[in-house]
Amino acid sequence: MKHFILSIFFLISNLSFSQHSIVGKWKTHDDKSNKSESVVEIYAVGNAYYGKIIDIFNPDQRVALCKLCTGADKDKPVLGLIIIKDLVKSDSEYDSGKITDPKTGNVYKCKASLINKDQLKIRGYIGFALMGRSQIWTRVK
């Protein structure tokens with residue numbers, strides 16, 4: 001009986017953890033039009049979090065290459081591109097990462113925080129977090 005109760009406790013704790021984690025699929029939106037652009041899947045590797053573009057809603061963009069990217073990402077397909085790298089959880093947010101804007105090829109420092117279980121605030125910035133821009137992504141269910 002004790003094992004059963006402990007199993008239920010761990011199952012409930014894992015479910016509540018997954019609801020309050022950035023791990024999952026997130027819909028991105030264009031800053032100007034607010035139209036849905038893509039789906040980014042965020043996943044953990046060890047203690048770091050990464051985000052990969054797994055869907056692009058504009059059919060013409062599905063075959064686009066990251067022409068303006070530099071380094072290893074140059075000329076890679078945007079679909080499948082890992083745009084978030086090395087985010088680390090600290091207290092109530094995730095920081096110390098980098099995010100690539102595939103439209104410009106620019107790489108920014110990145111931090112993320114859950115607004116609620118279905119909204120994720122992503123901030124890309126140069127230098128200080130005050131000098132950047134934020135987007136709100138919505139969880140795909």
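The UniProt record's numbering applies: residue 1 is where the sequence shown begins, and numbers increase by one.
Here a beta-carbon is modelled for each residue, glycine too, at the ideal position from N, C-alpha and C.
Where do the N-terminal and C-terminal ends of the beta strand (DSSP E) with residue i fall, by residue?
i	result
Val39	36-45
Asp86	82-90
residue 142	With the chain covering only 1 through 141, there is no way to say anything about residue 142.
Thr28	24-29
Asp95	93-100
Arg139	132-139
Leu65	That residue, Leu65, is in no beta strand (DSSP E); it is neither H nor E in DSSP.
Lys121	119-125
Would DSSP call residue i helix, strand or coil?
i	result
Gly105	coil
Gly71	helix
Lys76	coil
Phe128	coil
For residue i and residue j, which I take to be in contact (beta-carbon distance under 8 Å), what is that distance rounded to the nearest angstrom?
i	j	result
Leu87	Ala112	6 Å
His20	Gln135	Rounded, the Cβ-Cβ distance is 20 Å, inconsistent with contact.
Ile56	Val78	7 Å
Ile84	Tyr50	6 Å
Lys117	Tyr108	25 Å between Cβ atoms; not a contact.
Ile54	Leu120	The pair is not a contact, with the Cβ atoms about 15 Å apart (cut-off 8 Å).
Lys27	Ser36	5 Å
Query raised in the report: Should the segment 94-110 be regarded as contacting the segment 60-68, the criterion being three or more beta carbon pairs within less than 8 Å?
Result: Between the segment 94-110 and the segment 60-68 there are three or more inter-stretch CB-CB distances shorter than 8 Å, so the stretches are counted as touching.
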